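Chains A and B supply the protein sequences, listed in that same order. Under my numbering, the residues of the first sequence are numbered 616 to 863, in order. Under my numbering, the residues of the second sequence are numbered 13 to 603, in order. Every residue gets a Cβ at the ideal spot worked out from N, C-alpha and C, and that includes glycine. Just so it is clear, the structure is predicted and the values come from calculations on it, not from any experiment. Report on the structure given below.
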Amino acid sequence: MKIFINDKECLAASGQSLLEVALENGFFIPSLCFNKELGQLAGCRLCVAELRGEGWSKLVASCEYPVKDGQTFYLDTDKVVKSRKMSASLLLARAPESKEILEKVLKEEVEPRFVPRKTHLKNCLLCGRCYRTCQKQGTGAISIVGRGAEQSVETPYVVQNEDCIACLACANACPTGAIEVFRSKNQVGIWHKTHDLVACPVCGFKHITQKAIDFLSKKSNIPAQELALCPDCRNEKTSKALLKGFSQ
Amino acid sequence: MKTIYVCYGTGCKAGGGGAIAKKFADLCLDLDVQIKRTGCHGLCQEGPLVHISPLEVTYTKVKVEDVPEIIKKSVESDELVDRLLYFDFKQKKRVSSKNDWTFCSKQKRVVLKDVGELDPCNIEDYLAKDGYKALAKAVKMGREKVLEEVSISGLRGRGGGGFLTGRKWKTVSQATGELKYVVCNGDEGDPGAFMDRSIMEGNPHLVLEGMIVAAFAVGASKGYIYVRDEYPMAVKNLQIAIDAATKSGYLGDDIINSGFNLEIKIKRGAGAFVCGESSALMRSIEGKVGRPNEKYVHATEKGLFGCPTLLNNVESYANIPTIISGGGKAFSATGTEKSSGTKVFSLVGKVVNTGLIEVEMGITLREVIFEIGGGIKNGRKFKAVQTGGPSGGCLTQEHLDEKIDFDTLLEHGSMMGSGGMIIMDEFDCMVEVARYFTGFLIEESCGRCTPCRDGLVEVYSILDRITKGEGKMEDLDTLEELGEYLKSSALCGLGKSAANPFLATLRYFRDEYVEHILQKRCRAGVCKDLVSFVIDEQSCKSCGVCAKVCSFEAIEVKGKKYSINQSRCVRCRACLEACKFGAIEIEGKQL
Chain A
616 MKIFINDKEC
626 LAASGQSLLE
636 VALENGFFIP
646 SLCFNKELGQ
656 LAGCRLCVAE
666 LRGEGWSKLV
676 ASCEYPVKDG
686 QTFYLDTDKV
696 VKSRKMSASL
706 LLARAPESKE
716 ILEKVLKEEV
726 EPRFVPRKTH
736 LKNCLLCGRC
746 YRTCQKQGTG
756 AISIVGRGAE
766 QSVETPYVVQ
776 NEDCIACLAC
786 ANACPTGAIE
796 VFRSKNQVGI
806 WHKTHDLVAC
816 PVCGFKHITQ
826 KAIDFLSKKS
836 NIPAQELALC
846 PDCRNEKTSK
856 ALLKGFSQ
Chain B
13 MKTIYVCYGT
23 GCKAGGGGAI
33 AKKFADLCLD
43 LDVQIKRTGC
53 HGLCQEGPLV
63 HISPLEVTYT
73 KVKVEDVPEI
83 IKKSVESDEL
93 VDRLLYFDFK
103 QKKRVSSKND
113 WTFCSKQKRV
123 VLKDVGELDP
133 CNIEDYLAKD
143 GYKALAKAVK
153 MGREKVLEEV
163 SISGLRGRGG
173 GGFLTGRKWK
183 TVSQATGELK
193 YVVCNGDEGD
203 PGAFMDRSIM
213 EGNPHLVLEG
223 MIVAAFAVGA
233 SKGYIYVRDE
243 YPMAVKNLQI
253 AIDAATKSGY
263 LGDDIINSGF
273 NLEIKIKRGA
283 GAFVCGESSA
293 LMRSIEGKVG
303 RPNEKYVHAT
313 EKGLFGCPTL
323 LNNVESYANI
333 PTIISGGGKA
343 FSATGTEKSS
353 GTKVFSLVGK
363 VVNTGLIEVE
373 MGITLREVIF
383 EIGGGIKNGR
393 KFKAVQTGGP
403 SGGCLTQEHL
413 DEKIDFDTLL
423 EHGSMMGSGG
433 MIIMDEFDCM
443 VEVARYFTGF
453 LIEESCGRCT
463 PCRDGLVEVY
473 SILDRITKGE
483 GKMEDLDTLE
493 ELGEYLKSSA
503 LCGLGKSAAN
513 PFLATLRYFR
523 DEYVEHILQK
533 RCRAGVCKDL
543 VSFVIDEQSC
553 KSCGVCAKVC
563 SFEAIEVKGK
573 KYSINQSRCV
583 RCRACLEACK
593 FGAIEIEGKQ
603 L
């Protein structure tokens with residue numbers, strides 16, 4: 616089917632979201648909570664686009680809007696820009712130190728408009744990438760707690776959670792570095808708990824928790840001793856194996 | 013044989029309705045009477061109510077001690093206990109039967125017809141009122157004909173949106189899917205609203221019958237009633253009703269030998285306002301967090317557990333039996349052209365008569381407030397009426413003669429909502445009202461989308477500043493901008509309509525906002541930082557009531573002259589409320 620984005624005719628498949636079609640056709644739509652692997656949350660509202668019909672128009676969240684044949688969308692109208700700017704300045708008030716990151720996402724400047732607020736997780740934009748990653752990989756140690764303005768990403772009851780394997784996937788998924796990670800030679804601390812690190816059997820570098828090894832091994836069928844290897848030693852092992860293969 | 017109806021609606025129960033019913037039962041053991049604990053009669057503020065038929069006398073504010081006298085006079089013989097009769101201010105006399113109260117004169121009770129006249133826990137009572145006859149008729153009529161009748165009736169969803177019920181039913185009936193659901197939305201969470209509660213508590217079988225007819229028409233085999241757990245009596249009565257209906261063959265397998273099966277379960281909500289929103293409600297039933305989804309795919313196609321789902325409000329279902337028995341055409345003849353039928357409202361706030369009312373669509377606000385409601389308390393001036401709860405807006409003096417229907421209310425920046433009606437008088441500050449509702453919505457927002465989660469916080473902080481006298485004129489533009497933003501960009505209906513309270517008050521009471529900002533004055537005397545009270549010597553009759561009610565000894569008297577010591581006054585308004593001569597004047601902040 617065909618849809619029109621900024622008057623350009625674009626081919627689309629049934630079930631595709633506006634954001635997908637737009638990206639395929641070379642358009643830029645800023646989005647924060649959308650991620651290809653995790654899907655959409657339709658929460659940040661930075662990706663709004665204007666859907667126009669005869670005599671009416673409305674804003675839709677392009678990450679979630681399933682396009683229908685013949686629809687007409689505009690990405691940069693006044694309505695869109697106004698809404699996007701407001702969303703950006705509201706997010707900025709929530710996480711004032713994330714100005715640069717927001718500007719990178721939006722590819723435009725964000726003016727501070729409102730008084731910065733104190734939130735539970737400083738710098739958190741509530742894009743949900745962290746807990747959705749955690750849930751997707753099956754650990755499900757963190758989620759949204761609380762409601763409305765008070766909501767935050769946390770472990771249940773804001774205490775340490777046995778399900779957390781300290782894999783740090785959440786912290787790595789966070790665009791603003793809002794999740795605090797404490798690291799020392801022997802330990803890693805995240806989500807109210809300090810975990811002991813297990814040493815690499817080759818070099819002795821401590822880099823992973825036993826819980827993470829167990830979880831990943833069970834999930835992927837990779838033997839535990841393989842997972843215990845630190846990234847450097849694993850690289851070395853792989854390259855040695857490759858060399859061996861070449862020399863034979 | 014006489015029947016004694018003791019109101020056991022929430023209000024009257026709190027006032028001692030249970031003990032009164034028990035006393036009647038204890039004292040009437042040897043008498044040929046029936047005692048029924050019924051649902052809400054409507055005039056909650058006069059409760060506990062006791063009605064006796066066929067004498068047709070209604071007693072108000074009954075106490076347990078009054079029971080022996082009532083039995084002696086009105087049960088054993090046919091005399092009336094005058095002192096317990098309702099004093100009707102309009103008619104200026106005591107009126108014996110509730111049917112003659114001015115409060116009831118302009119009402120048209122369709123949904124509430126039997127509420128208060130039957131024991132909600134007894135299916136026999138419901139059957140005696142032609143209960144489940146509409147279901148039998150519907151089964152005989154066949155699916156198509158039922159759908160047609162509902163379409164013809166023009167019934168619009170009573171939950172707030174006002175979507176055509178017939179059209180919704182048709183969409184679900186045409187949706188493909190082996191399993192379909194019917195869901196009843198009983199998650200009434202607006203402050204000051206108790207319409208659905210009273211229906212569910214007072215006549216649960218009516219709601220069930222509507223649901224069963226709906227399930228039959230759309231081809232659903234499973235159903236849920238979503239009730240908030242703060243309504244324990246509704247949950248209990250509905251469960252009793254479901255069990256009784258199942259036992260009698262109106263629910264379960266092969267309903268009245270038609271081959272149609274339906275199972276209905278109650279799902280108790282944990283009291284989140286946002287769970288009244290359709291998609292959040294369905295997620296909550298599924299056992300997930302009650303947060304709304306984008307509704308680009310309608311629930312009628314893919315709703316509860318991914319199946320086609322028919323979701324209607326309690327009151328919508330409660331209208332169905334009437335439509336089926338009387339025909340869609342007769343129903344559409346009532347009300348207005350585009351809003352047929354009646355609507356139940358809970359009338360609260362500064363009116364003389366507060367309670368539960370049902371009126372025909374198209375009645376004017378003036379009739380509701382000044383005739384049924386009996387006007388404003390203490391002879392004060394009417395200022396505004398908030399309809400549609402926290403997501404609605406307010407209407408003013410100039411709208412008093414507007415008709416109450418879906419479109420008119422929407423046109424004036426408010427909405428029908430589920431039917432809460434809060435009346436405000438000259439002593440209510442509109443900025444404070446907007447601030448209160450915004451605060452409520454912040455608490456109840458799910459927090460998923462930026463506009464509702466963070467936008468409302470900014471709105472609240474601006475309103476809060478204004479009530480403290482720290483607002484600026486630019487704030488009003490920001491408010492309007494945020495309002496437009498919420499309307500256009502929020503994810504669900506709750507967020508989209510969250511702007512209504514402040515946009516509507518800003519539209520009709522801009523001068524009050526400006527007064528707060530520029531003159532640092534709150535004319536209603538509500539915003540503590542912006543008022544001071546003084547006693548007007550001319551109007552003061554030196555009665556001393558103000559000094560008696562003041563808990564802070566701020567009212568001083570020299571000879572016969574009363575005055576307020578501003579440094580002691582905490583502006584609690586006790587004197588203002590107490591003074592019968594209007595001698596307490598509201599002034600701006602004393603500098």
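- In this structure the segment 413-425 of chain B does not touch the segment 457-469 of chain B; the number of beta carbon pairs closer than 8 Å is below three.
- In the three-state DSSP reduction, residue 27/B falls in the coil class, being neither helix nor strand.
- With a threshold of 8 Å between beta carbons, residue 306/B makes contact with chain A.
- Beyond the five residues adjoining it in sequence on each side, residue 446/B comes within less than 7 Å, by CB distance, of 475, 513, 514 and 517 in the same chain, given in chain order.
- Between the C-alpha atoms of residue 804/A and residue 296/B there is a straight-line separation of about 34 Å.
- What residue 764/A touches in chain B, judged by beta-carbon distance under 8 Å, is 454, 457, 459, 465, 466, 468 and 469, going in chain order.
- Exposed is the label assigned to residue 837/A, since fewer than 16 other Cβ atoms lie within 10 Å of its Cβ.
- Residue environment for residue 564/B: exposed (fewer than 16 other C-beta atoms within 10 angstroms of its C-beta).
- With a cutoff of 8 Å on beta-carbon distance, residue 138/B and residue 223/B are scored as not near each other.
- Annotation: the continuous beta strand (DSSP E) that includes residue 399/B extends over 394-399.
- In this structure, 63/B is the residue among 63/B, 39/B and 45/B with its C-alpha nearest to the C-alpha of residue 24/B.
- For residue 247/B, the closest C-alpha among the options 228/B, 43/B, 215/B and 261/B is that of 215/B.
- From the beta-carbon of residue 501/B, the residues of chain A found nearer than 8 Å are 660, 663, 674, 698, 701 and 702.
- Judged by DSSP secondary structure, residue 61/B falls outside any alpha helix (DSSP H); it is assigned neither H nor E.
- Annotation for residue 290/B: the continuous alpha helix (DSSP H) segment containing it runs 290-297.
- Inter-residue distance for residue 32/B and residue 439/B is about 37 Å (C-alpha atoms, whole angstroms).
- Think of a sphere of 8 Å around the beta carbon of residue 645/A: no beta carbon from chain B falls inside it, the nearest being about 13 Å out.
- The three-state secondary structure of residue 659/A, taken from DSSP, is coil.
- C-alpha of residue 122/B to C-alpha of residue 334/B: approximately 8 Å in a straight line.
- For residue 433/B, the number of other beta carbons within 10 angstroms of its own is at least 16, and it is reported as buried.
- In the structure shown, residue 100/B falls within a strand segment according to DSSP collapsed to helix, strand and coil.
- For residue 813/A, the closest of 822/A, 807/A and 679/A by C-alpha to C-alpha distance is 822/A.
- Minimum Cα-Cα distance from residue 713/A among the listed residues 635/A, 647/A, 750/A and 751/A corresponds to 647/A.
- The beta carbon of residue 677/A lies closer than 6 Å to those of 633, 634, 644, 662 and 664 in the same chain, with the five residues before and after it left out.
- Taking CB atoms only, residue 798/A has no neighbour in chain B less than 8 Å away.
- Looking at the DSSP output, residue 83/B shares a beta bridge with no other residue.
- Chain-ordered listing is empty here: chain A has no CB closer than 9 Å to the CB of residue 448/B, the nearest sitting near 16 Å.
- Residue 546/B: member of the beta strand (DSSP E) spanning 544-547, first to last residue.
- Counting along the chain, residue 113/B sits inside no beta strand (DSSP E), nor does DSSP assign it H or E at all.
- Nearest CB-CB separation between residue 183/B and chain A: not below the 8 Å threshold.
- At a cut-off of 8 Å between beta-carbon atoms, residue 680/A makes contact with chain B.
- In the structure shown, residue 785/A falls within a helical segment according to DSSP collapsed to helix, strand and coil.
- Look at the beta carbons and you see the segment 491-509 of chain B touching the segment 453-461 of chain B: at least three pairs across the two are nearer than 8 Å.
- Fully contained in the segment 736-770 of chain A are the following beta strand (DSSP E) runs of length 3 or more, in chain order: 758-760 and 767-769.
- Within chain B, the residues placing a beta-carbon under 7 Å from that of residue 729/A are 470, ordered along the chain.
- Per DSSP, the continuous beta strand (DSSP E) segment holding residue 671/A begins and ends at 671-676.
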